[in-house]
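Working notes, beginning with the structure itself.
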Amino acid sequence: MNKATRRIALLLGALLPALASTLHAQTPDSVIAASWSGKSLFRVNVDGGTIFGGEYSGGFSGGIPAEGSGTRMMWYPGKAAFRAGYINGTQWDDANIGNYSVAIGENVRASGDNGVALGVRSTAANISSVAIGEDNTASGAASVALGYHAHTNARQGSFVFSDRSSADSTRAGNAHQATFRVACGFRIFTSSNLSTGVAFGGASVSNLGTACPTEYFGQSGTMIATSTGAFLSSGGTWTNSSDVNRKHLFGRVTGEDVLARLRQMPISTWSYKAEDNAIRHLGPTAQDFRAAFGLGANETTIATIDADGVALAAAKALERRTATQAEEIRALREENAELKARLDRLEAALAAGASHK
Numbered sequence: 048m049n050k051a052t053r054r055i056a057l058l059l060g061a062l063l064p065a066l067a068s069t070l071h072a073q074t075p076d077s078v079i080a081a082s083w084s085g086k087s088l089f090r091v092n093v094d095g096g097t098i099f100g101g102e103y104s105g106g107f108s109g110g111i112p113a114e115g116s117g118t119r120m121m122w123y124p125g126k127a128a129f130r131a132g133y134i135n136g137t138q139w140d141d142a143n144i145g146n147y148s149v150a151i152g153e154n155v156r157a158s159g160d161n162g163v164a165l166g167v168r169s170t171a172a173n174i175s176s177v178a179i180g181e182d183n184t185a186s187g188a189a190s191v192a193l194g195y196h197a198h199t200n201a202r203q204g205s206f207v208f209s210d211r212s213s214a215d216s217t218r219a220g221n222a223h224q225a226t227f228r229v230a231c232g233f234r235i236f237t238s239s240n241l242s243t244g245v246a247f248g249g250a251s252v253s254n255l256g257t258a259c260p261t262e263y264f265g266q267s268g269t270m271i272a273t274s275t276g277a278f279l280s281s282g283g284t285w286t287n288s289s290d291v292n293r294k295h296l297f298g299r300v301t302g303e304d305v306l307a308r309l310r311q312m313p314i315s316t317w318s319y320k321a322e323d324n325a326i327r328h329l330g331p332t333a334q335d336f337r338a339a340f341g342l343g344a345n346e347t348t349i350a351t352i353d354a355d356g357v358a359l360a361a362a363k364a365l366e367r368r369t370a371t372q373a374e375e376i377r378a379l380r381e382e383n384a385e386l387k388a389r390l391d392r393l394e395a396a397l398a399a400g401a402s403h404k
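According to the working numbering, the sequence shown is numbered sequentially starting from 48.
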């Protein structure tokens with residue numbers, strides 16, 4: 048046994064007398080604490096590698112190493128559970144420790160089996176639940192609470208992320224639901240250089256006075272902004288991208304042709320199968336629209352910009368018709384006025400001739 052190994056052995060001998068075990072150097076590069084039955088309980092290698100062993104019993108045998116408040120790092124073999132940090136109460140008492148659970152931080156509790164609680168005053172209270180951050184509670188089975196004052200509200204399979212913009216808790220509304228509080232917006236990027244994606248705009252200033260971005264992808268005053276240029280305004284208006292710099296392959300449109308196609312396209316009222324029958328809509332089907340104009344990506348959808356384009360082209364054609372008809376009406380009125388004047392003169396001449404007889 049080398050000098051370093053002897054020092055480790057003496058230290059372990061002083062710290063682990065309650066194990067009622069033998070302490071010896073199995074090989075020149077390790078120190079092992081073993082039970083009387085020979086099972087390895089603790090090993091330290093000369094390179095610093097460490098293993099803690101033990102017997103899992105589900106808490107039915109093998110008492111908890113310590114209970115009550117204090118600062119400690121604790122491995123509880125009877126429940127295969129690990130604790131490290133500080134508590135001021137009973138968070139790490141046997142009754143509050145779930146099997147196979149982990150709790151690290153300040154006043155954190157993982158009472159659910161397979162639960163994980165990290166941070167400060169966070170609680171994983173149900174099976175396979177996770178609570179990470181400050182004052183979070185994962186009380187639903189297999190639920191996750193992250194951030195600040197997030198609460199899964201006993202809803203299984205739920206996910207809650209809560210920012211630090213308010214001390215109010217953010218709670219799950221339903222099982223198997225994701226809930227986010229992100230006062231300054233939410234961004235999803237779909238490229239490594241962060242140039243494409245979608246952003247959900249937030250308040251201009253959070254509750255804690257933090258200034259929030261007012262522009263996403265070059266668009267300001269939006270609730271939903273996209274890298275394509277389309278966005279939902281904060282007033283509730285969907286705006287399509289129509290920048291000339293994003294377009295090519297321009298083609299001419301004949302208004303009368305649009306009117307002729309529009310005349311042949313069926314338009315009816317209908318209801319979506321997924322909605323209540325009392326909710327009615329007016330318009331063509333995507334199949335009829337595609338057959339009439341050949342626009343859009345497929346035969347099951349209608350892009351609002353295409354429908355708007357058809358409406359504008361038809362309106363221009365009708366305006367042109369109206370202007371032509373107005374010119375014809377003006378010419379006819381002038382002609383009628385001239386004919387009326389001629390008739391008036393003729394009638395006057397006839398009347399004058401009759402008076403001289």
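Heads up, the beta-carbon is just placed ideally off N, CA and C, and yes, glycines get one too.
Residue burial classification, residue i (beta-carbon count within 10 angstroms, cutoff 16)
i	result
proline 331	buried
lysine 126	buried
isoleucine 98	exposed
leucine 165	buried
arginine 392	exposed
arginine 389	exposed
glycine 117	exposed
valine 91	buried
isoleucine 235	exposed
histidine 223	exposed
asparagine 161	buried
leucine 57	Reliability of the predicted coordinates at leucine 57 is poor, the pLDDT of 47 falling under 50, and no value is obtained from them.
serine 238	exposed
aspartate 290	exposed
glycine 400	exposed
isoleucine 376	exposed
threonine 369	exposed
leucine 386	exposed
arginine 130	buried
phenylalanine 297	exposed
glycine 115	exposed
tryptophan 139	buried
alanine 150	buried
alanine 395	exposed
leucine 397	exposed
serine 169	buried
glycine 180	buried
threonine 269	buried
Residue from the options with nearest C-alpha to residue i
i	options	result
serine 280	Phe297, Ala307, Cys259, Gly248	Gly248
alanine 201	Thr184, Gly96, Asp94	Thr184
serine 216	Gln203, Phe233, Tyr195	Tyr195
arginine 218	Thr316, Ser186, Gly232, Phe233	Ser186
alanine 333	Ser315, Ala321, Glu322	Ser315
leucine 309	Ser288, Arg337, Gly136	Arg337
glycine 159	Ile352, Ala364, Gly105, Gln372	Gly105
Residues bridged to residue i (per DSSP)
i	result
methionine 121	Arg130
histidine 328	Trp317
glutamine 266	Tyr263
glycine 244	Phe236
threonine 226	Val207
glutamate 181	Val167, Tyr195
alanine 272	Ala246, Phe278
threonine 97	Val91
valine 150	Residue identity differs from the one stated: residue 150 is alanine in this sequence, not valine. Answer by DSSP bridge pairing, in chain order: Arg130, Ala164.
arginine 218	His198
tryptophan 285	Leu279
alanine 157	Ala171
C-beta atoms of residue i and residue j nearer than 8 Å
i	j	result
valine 163	glycine 152	no
valine 191	valine 177	yes
asparagine 146	alanine 157	no
threonine 286	valine 245	no
glycine 276	arginine 299	no
phenylalanine 89	glycine 100	yes
glycine 109	glutamate 102	yes
alanine 339	glutamine 311	yes
tyrosine 263	glycine 232	yes
alanine 197	asparagine 173	no
proline 112	methionine 120	no
glycine 341	alanine 350	no
Cβ of residue i within 8 Å of any chain B Cβ
i	result
alanine 364	The structure shown contains no chain B, having only a single protein chain.
**Study point:** Touching by the beta-carbon criterion (3+ pairs, under 8 Å), the region 281–289 and the region 299–314
**Key:** Too few Cβ pairs lie closer than 8 Å, so no.
Point to revise | Three or more C-beta pairs below 8 Å linking the region 198–218 and the region 227–247 | key: Touching, yes.
Review point. Are the region 315–331 and the region 377–384 touching by the rule of at least three beta carbon pairs closer than 8 Å?
Key: Fewer than three beta-carbon pairs drawn from the region 315–331 and the region 377–384 are found closer than 8 Å, and the two stretches are therefore not classed as touching.
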